[in-house]
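Residue numbers (the UniProt record's numbering): 1 to 126. To start, the structure itself, in structure tokens.
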Amino acid sequence: TIPEFRDTLIQHLESVKKSIDERVQLKREYDSWVNERQMQTTEKRVDTSQAFDASSVDIESSRTKSKEQDTRSRSGNDTHADDVDIRPIFDEEPMAEVQTTAEIDVFAIGQQHTEQPKFNNEEEVV
Numbered sequence: 001t002i003p004e005f006r007d008t009l010i011q012h013l014e015s016v017k018k019s020i021d022e023r024v025q026l027k028r029e030y031d032s033w034v035n036e037r038q039m040q041t042t043e044k045r046v047d048t049s050q051a052f053d054a055s056s057v058d059i060e061s062s063r064t065k066s067k068e069q070d071t072r073s074r075s076g077n078d079t080h081a082d083d084v085d086i087r088p089i090f091d092e093e094p095m096a097e098v099q100t101t102a103e104i105d106v107f108a109i110g111q112q113h114t115e116q117p118k119f120n121n122e123e124e125v126v
């Protein structure tokens with residue numbers, strides 16, 4: 001029985017070794033794949049940033065050209081869009097509807113209501 005046990009143990013050890021070798025190979029393949037993906041991502045980032053830099057140069061040069069054209073086409077008293085200070089005008093306070101029911105008809109003009117009406121299950125104000 002001891003020789004049988006020894007043979008069985010050796011078979012199991014060989015099986016374990018084979019399994020470990022397969023896992024090592026799969027891990028290498030996975031690491032290689034991850035490394036390749038990281039390289040592709042880095043290359044895409046570099047390509048994108050280079051394209052962005054090139055497009056921003058194009059935008060800057062076109063802005064400079066358009067400003068030169070605007071400056072040449074302006075007469076002495078014209079106001080340029082960049083020189084105008086445009087601000088919103090608030091002549092009226094904003095009006096917001098807070099709640100409208102049969103019992104409550106409230107409109108708030110520039111006020112904040114921190115307390116909300118409470119309703120029961122029949123959607124009636126309590």
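Here a beta-carbon is modelled for each residue, glycine too, at the ideal position from N, C-alpha and C. Please read these numbers as outputs of a predicted model, since none were measured by experiment.
Close CB contacts of T42 within its chain, under the 8 Å cut and outside five residues either way in sequence, are absent. A direct Cα-Cα distance of roughly 14 Å separates D7 from V16. Judged by DSSP in its simplified three-state form, T42 adopts helix.
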